[in-house]
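Trainee: For reference, the structure I am asking about is given below.
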Amino acid sequence: MIGAMLRATPTLVRVGFARTIAYRAEMTIWILTALMPLVMLALWNAVAKDSPVAGYNQVELTRYFTAALIVRQMTGSWIVWMLNWEIRSGQLSPQLLRPVPLLWNDAIWTLSAIPLRVIVLTPLVAALVWWRPDLVAFPGWPAVGLFFVSVFAAWMIHFVFQCIIGMLAFWLDQTDGLFGVWFTLYSLLSGYVAPLETFPVPVQHVIRFLPFRGMMATPVSILGGFVSPADALPDVGIQLAWVATMLVIARFVWRRGLARYGAFGA
Amino acid sequence: MIQVEALTKIYHVPVKAPGLMGSLRSIVDRKYKDVRAVDGISFRIERGERVGFLGPNGAGKTTTLKMLTGLLHPTSGRIDVAGHVPKERKTEFLKQITLVMGQKQQLIWDLPALETFQLNRALFDVPQARFDETLKELVDLLGIDEFLHQPVRNLSLGQRMRCELTAALLHRPHLLFLDEPTIGLDVQVQVEVRKFILDHQRRTEATVMLTSHDMDDVAAIVDRVILIDKGNIRFDGSLDALARKFGKGRRVVVRASKAELRPLGFEPDERGALVVTVPADEVNEKLHAVLQLDSAADVTVTDPPLEEALTRAFGETEVHEAAS
C-alpha cells in the first residue's frame, strides 16, 4: 500500500498542480483572503510606535507578522469544504473506489498548491523587506531546519483537523459552522492576530498545550529568531504530539463515518 | 464470483413534521424510522455472467450494488466478491472491480479527461506499457481521440460518458458494476454505449452487473435478470424465462386485411400492425388460421416486450417506475 502511494505521488503532484493552475483565479483570491497578518501588522505597528508591545518593537513586530504571513500561506487548506461537499453530494463514492487513500490524494493536492502560494507571497514579502530592510535576520541553519519540521507539523494539524470537521458531514447536516468556531479559536489562540505574549502569563501556560499554538506561533517564533532551536524543541514536540493525536482521531472518525455513508443517496 | 447470503440493509432515517413547529420539535425530540432497503436477499453470480438487477425506484437495487462494491456497509448478511469482503475495500479487491454511475462522475471537471486517466493509472498502479496499450484500445473503440485534450466541462454528455467508461476500465477490471450507464444520453449514444459494453464483456469475459430503468439496456446487455422489489428478490432467471413467467404469451404480428383478421382476435397496435397475444401452446393453431387468409403477409411471432413482463411482475401500479 505505502509503495503504491509513493509511486502514485509524482502523478498526484503533477495533476494537483494542473488543477491549481486550472483554478488559478479562484486560488489567487483564496490566497489573498489569508493576508490577515498584513492587517494585523499595520495595527500593531501603530500600537508599538512609542514603546514595545509584549516585548516586541516595531521591527520585531514586522518580522513576526511577515513570518506569520509565510506560515499562514504554507499551512492553508480547503479540505473541510471539499470533504463536506463530497460526502453530502455522494461524490465521495468514485473516490472510494480507488485503491489509494482519499486523504493522501487530497493532501498531495493541497501541497501541490504551494508553488502558486509562493508566487503570490514573494512580492508581498519583498515589499515588506523593502519597507523595513532591518526585519531580515537570518536565524541560523539549525533554526531553518527546525522551522521546516515545525511548519510541516503546523500544516498537518490544520489539514487533519479540517479533515475531521469535514468528516462530521457523515453525521451532521452542515459542518461549516463548526469550522467557523474552530477558526475563531485558531485566530485568537494561535498567534495569528497577535503574539501570544500579549496574553496574561497563566493563560499563556494553558495555550501552550492547546493545538492552536503549534499551528502558527511555534513556527513563527523559530523563523523570526524569537526563540533558539534548543528552546523551541519542546514546542515542536507538542506539535508532533498533536499531529499524532489528530491522526488517531481522524482514523477513528473516518472508519465510523464510512460505516454510516450512504444515507445521502451516495 | 459473487455470492450473497441473507443480505440486509436498514437505513436509519430522521423524520420531521413539516413547518416551523416540526423543525423546533425535531431539535429537542428527533425521531427516526428504520427503512429496510434490502431485506435478506441471496443470490450467486458466476464468472462471465451478464446480470440485470431490475426493480422500481426504491426497490433496493442501487443499495445492493453499492454494498457489492464496498461503498455501503450491510446491516447484516454475507457478501463475497471475488474472494473479498467488499466493505474492507482491500487494494486487490478494488483493482478487480469498477462501478460506472450514470449520475456521478469521476472525471476531474476542469481538466482534460486524459489527466484523470493518468491519475487512475497512478492510483491503480498500472504499469505504463499496459496502460498505454489499454488506453489506445479504449480510445479507438470509443472514438474519444479528438477530445482527449479538452477540459471535461466542455464535453457533451455523450462524450463525457465515453470518457467515464474509459476511466472506469483502464485498470482492466474483471467485474463491471453499471448503475444506469445510459441515463440522460441520446438514443444514438445509448446504442453505442450498449454495443461497447457488450463487445468489451465478450472480449474480456468480465462479469457484468447492471441496474437500469431502460429496458433496451437490459435487452441488449444481459442474459439473466434478477428482479428486486421492496428489498426482496421476486424473480431470478433468464430473459426468456422472465417473458414466459410474466408475459401473457407470445405475440403474433401480421400485415393483412383488418376485416379478415378482426374475427381472429387481432387488434391494431400503436404502429398500425395487427397483433394478438396468445398462450404459447396456441401459437400453431393461430398461425394456421392466419395462413389460410389470402391477404396475410409478414407474419412474425415474438416474445412480448420486456416492459410488459416487468409490468406484470411488479403490478400495475408500478408500471411507470419500472419502465420509465
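Sequence order for the protein chains is A and B. Numbering-wise, the first sequence is residues 22 to 287 according to the working numbering. Numbering-wise, the second sequence is residues 2 to 325 according to the working numbering. All C-beta atoms, glycine included, are put in the ideal place defined by N, C-alpha and C. Since the model is a prediction, treat every value here as computed from it, not as a measurement.
1) Are the CB atoms of B:Ser351 and B:Glu261 nearer to each other than 7 Å?
2) Between the Cα of A:Trp130 and those of A:Leu59, A:Trp263, A:Phe180, spot the shortest distance and give me the residue it belongs to.
3) Please determine, among A:Leu132, A:Val248, A:Met188, the residue with the shortest C-alpha to C-alpha distance to A:Gly161.
4) Name the chain B residues whose beta carbon is nearer than 7 Å to that of A:Gln112?
5) Return helix, strand or coil for A:Thr143, following the three-state DSSP convention.
6) To the nearest angstrom, how far is the alpha carbon of B:Leu307 from that of B:Met216?
7) Using 7 Å as the limit for Cβ to Cβ distance, is A:Arg277 near chain B?
8) Hey, which unbroken runs of the alpha helix (DSSP H) at 4 residues or more fall wholly within the segment 146 to 218 of chain B?
9) With 7 Å as the threshold, decide whether the Cβ of A:Ala271 is near any Cβ in chain B.
10) A:Gly278 to A:Leu193, Cα distance in whole Å?
11) Pair every Cβ in the segment 75 to 82 of chain B with every Cβ in the segment 112 to 130 of chain B, then say whether three or more of these pairs are closer than 8 Å.
12) Express the C-alpha separation of A:Asp71 and A:Tyr77 in angstroms, rounding to a whole number.
13) I want to verify the contact list: residues of chain A whose CB lies under 9 Å from the CB of B:Arg90, in sequence order.
14) Mind checking if A:Phe38 is an interface residue toward chain B, Cβ cutoff 7 Å exclusive?
15) Buried or exposed for A:Trp151, going by 16 or more other Cβ atoms inside 10 Å?
16) Between B:Ile222 and B:Pro174, is the Cβ-Cβ spacing less than 7 Å?
17) Contact defined as beta carbons within less than 8 Å: I believe B:Leu171 pairs with B:Phe118. What is the distance between those atoms, to the nearest angstrom?
18) At a CB distance below 9 Å, what residues from the segment 77 to 110 of chain A approach chain B? Give them in sequence order.
19) Between the segment 117 to 144 of chain B and chain A, which residues of the former have CB atoms less than 9 Å from a CB of the latter, in chain order?
20) Start and end of the alpha helix (DSSP H) containing A:Tyr85?
21) Let me make sure I understand the geometry here. Which of B:Val291, B:Met2, B:Tyr33 has the alpha-carbon closest to that of B:Leu265?
22) Alpha helix (DSSP H) containing A:Val224: first to last residue?
23) Using a Cβ-Cβ cutoff of less than 6 Å, which residues in the same chain neighbour B:Lys17 once the five nearest sequence positions on both sides are dropped?
24) Let me see if you follow: with CB-CB separation under 7 Å, is B:His74 close to chain A or not?
25) Tell me, which residues are paired with A:Gln116 by DSSP?
26) Using the Cβ count rule (16 or more neighbours within 10 Å means buried), how would you classify B:Asn121?
27) With respect to the alpha helix (DSSP H) encompassing A:Ile185, which residues constitute its N-terminal and C-terminal limits?
28) When the distance is taken between beta carbons, is A:Arg119 closer than 7 Å to B:Leu115?
29) Looking at C-alpha atoms only, which residue of A:Val222, A:Leu217, A:Thr196, A:Gly246 is the closest neighbour of A:Gly235?
30) Do B:Val14 and B:Val36 come within 7 Å of each other at the CB atom, strictly closer than that value?
31) With a Cβ-Cβ cutoff of 7 Å, do A:Ser171 and A:Thr87 count as a contact?
32) State yes or no: is the C-beta of B:Thr64 within less than 7 Å of the C-beta of B:Lys105?
33) Compile a chain-ordered list of the residues in the segment 38 to 71 of chain B whose CB is closer than 8 Å to at least one CB of chain A.
34) Check whether the Cβ of A:Ala265 lies closer than 7 Å to any Cβ atom in chain B.
35) Any chance you could list the beta strand (DSSP E) runs of at least 3 consecutive residues sitting entirely within the segment 49 to 107 of chain B, in chain order?
36) In the DSSP assignment, what are the bridge partners of B:Leu228?
Mentor: Quick look at the numbers:
1) Outside the shown range of chain B (2 to 325) lies residue 351 of chain B, about which nothing can therefore be said.
2) For A:Trp130, the nearest C-alpha among the options comes from A:Phe180.
3) Nearest to A:Gly161 by alpha-carbon distance, out of A:Leu132, A:Val248, A:Met188, is A:Val248.
4) Listed by position along chain B, the residues whose Cβ is nearer than 7 Å to that of A:Gln112 are Lys105.
5) For A:Thr143, the secondary structure class from DSSP, reduced to helix, strand or coil, is helix.
6) When only Cα atoms are considered, B:Leu307 and B:Met216 end up about 7 Å apart.
7) No - not a single Cβ of chain B is within 7 Å of the one on A:Arg277.
8) Those alpha helix (DSSP H) runs which fall completely within the segment 146 to 218 of chain B and span 4+ residues are 158 to 170, 188 to 205.
9) Closer than 7 Å: no.
10) Between A:Gly278 and A:Leu193, the C-alpha separation is close to 11 Å.
11) Contact between the segment 75 to 82 of chain B and the segment 112 to 130 of chain B is absent, because fewer than three Cβ pairs lie under 8 Å.
12) Distance between the alpha carbons of A:Tyr77 and A:Asp71 is about 12 Å.
13) In chain order, Leu117, Leu118, Pro120, Leu279 make up the part of chain A whose C-beta sits under 9 Å from the C-beta of B:Arg90.
14) For A:Phe38, not one C-beta of chain B is nearer than 7 Å to its own C-beta.
15) By the 10 Å Cβ count, A:Trp151 comes out exposed.
16) No, these two residues do not count as a Cβ contact at 7 Å.
17) With a contact defined as Cβ atoms closer than 8 Å, B:Leu171 and B:Phe118 qualify at about 6 Å.
18) Taking a C-beta cut-off of 9 Å against chain B, the contacting residues of the segment 77 to 110 of chain A are Ser110, listed in chain order.
19) Answer in chain order: Thr117, Gln119, Leu120, Asn121, Arg122, Ala123, Leu124, Phe125, Asp126.
20) From DSSP, the alpha helix (DSSP H) with A:Tyr85 extends over 79 to 96.
21) Cα-wise, what sits closest to B:Leu265 is B:Val291.
22) Going by DSSP, A:Val224 is part of the alpha helix (DSSP H) stretching over 222 to 229.
23) Within the same chain, B:Lys17 has close Cβ partners Gly23, Ser27.
24) Yes, its Cβ sits closer than 7 Å to a Cβ of chain A.
25) Under DSSP, A:Gln116 shares a beta bridge with no residue.
26) Counting of Cβ neighbours within 10 angstroms places B:Asn121 among the buried residues, the total reaching 16 or more.
27) DSSP places A:Ile185 in the uninterrupted alpha helix (DSSP H) bounded by 162 to 188.
28) Going by C-beta atoms, B:Leu115 is not nearer than 7 Å to A:Arg119.
29) Each of A:Val222, A:Leu217, A:Thr196, A:Gly246 was checked against the Cα of A:Gly235, and the nearest Cα belongs to A:Leu217.
30) In this structure, B:Val36 places its C-beta atom within 7 Å of the C-beta atom of B:Val14.
31) A distance of 7 Å or more separates the beta carbons of A:Ser171 and A:Thr87.
32) With respect to B:Lys105, B:Thr64 sits apart: the two C-beta atoms are not nearer than 7 Å.
33) Taking 8 Å as the Cβ-Cβ cut-off against chain A, the residues of the segment 38 to 71 of chain B that qualify are Thr64, Lys67, Thr70, Gly71.
34) It does not: the Cβ of A:Ala265 has no partner Cβ on chain B nearer than 7 Å.
35) Taking only runs of at least 3 residues, the beta strand (DSSP E) segments lying wholly in the segment 49 to 107 of chain B are 51 to 55, 77 to 82, 98 to 102.
36) The bridge partners DSSP lists for B:Leu228 are B:Leu55, B:Phe236.
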